Amino acid sequence: MKIRLRYLGIAALIFVAEAAIAIYCKKGFIRHWFGDFLVVVLLYCTTQALWPGAVLKRVLFVGIVALSIELLQTTEFLTTIGLQEYRWARLVFGTTFSWSDLLAYFLGLLSVVLVEWRLTGNRIK
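All residue numbers for the sequence shown refer to this note's numbering, where the first residue is 413 and numbers rise by one.
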């Protein structure tokens with residue numbers, strides 16, 4: 413397995429940014445919009461670093477994962493699997509469904525596609 417260090421480095425930087433957002437931003441635009449925007453970029457970069465694949469397939473995969481987690485927030489998922497008392501689980505999976513989260517995910521993935529498109533000289537699959 414060949415790890416793509418460029419994507420791994422970007423993922424590490426975004427992870428640090430996400431951790432800072434989680435620790436220091438308790439509400440507002442950065443916490444509720446930019447954090448959600450960044451999380452799909454983080455997932456994309458991590459998956460591209462570890463399991464390289466076609467950009468659009470990877471974006472679709474990350475979008476499905478993000479949508480699935482967001483839809484699970486409409487249920488008692490964390491309670492069902494016994495993780496409702498763990499702060500890290502509530503942080504990772506979230507606790508409330510929001511349409512604005514889906515918009516942030518979409519915009520994050522759209523940004524990924526546009527950046528990849530630009531970097532590859534308009535050749536994207």
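All C-beta atoms, glycine included, are put in the ideal place defined by N, C-alpha and C. From a predicted model like this one, the values you see are computed outputs, not experimental measurements.
Check: Tell me whether the beta-carbon of Ile433 lies closer than 8 Å to the beta-carbon of Arg443.; Outcome: yes
Check: How big is the Cα-Cα spacing for Ile481 and Thr532?; Outcome: 30 Å
Check: Within 10 Å of its beta-carbon, does Val474 have 16 or more other beta-carbons around it, so buried, or fewer, so exposed?; Outcome: buried
Check: For Cys437, name the three-state secondary structure that DSSP assigns.; Outcome: coil
Check: Have a look at Val452 and Ser512 and give me their C-alpha separation to the nearest angstrom.; Outcome: 14 Å
Check: Taking buried to mean at least 16 other C-beta atoms within 10 Å of its own C-beta, is Ile471 buried or exposed?; Outcome: For the record, residue 471 in the displayed sequence is Val; it is not Ile. Its Cβ being crowded by 16 or more others within 10 Å, Val471 is buried.
Check: Straight-line CA distance for Tyr498 to Val504?; Outcome: 10 Å
Check: Could you give the distance in angstroms between the alpha-carbon of Gly447 and the alpha-carbon of Ile415?; Outcome: 25 Å
Check: So, for Val467: in the same chain, excluding its five sequence neighbours on each side, which residues have a beta-carbon less than 6 Å away from its beta-carbon?; Outcome: Glu528 and Ile536
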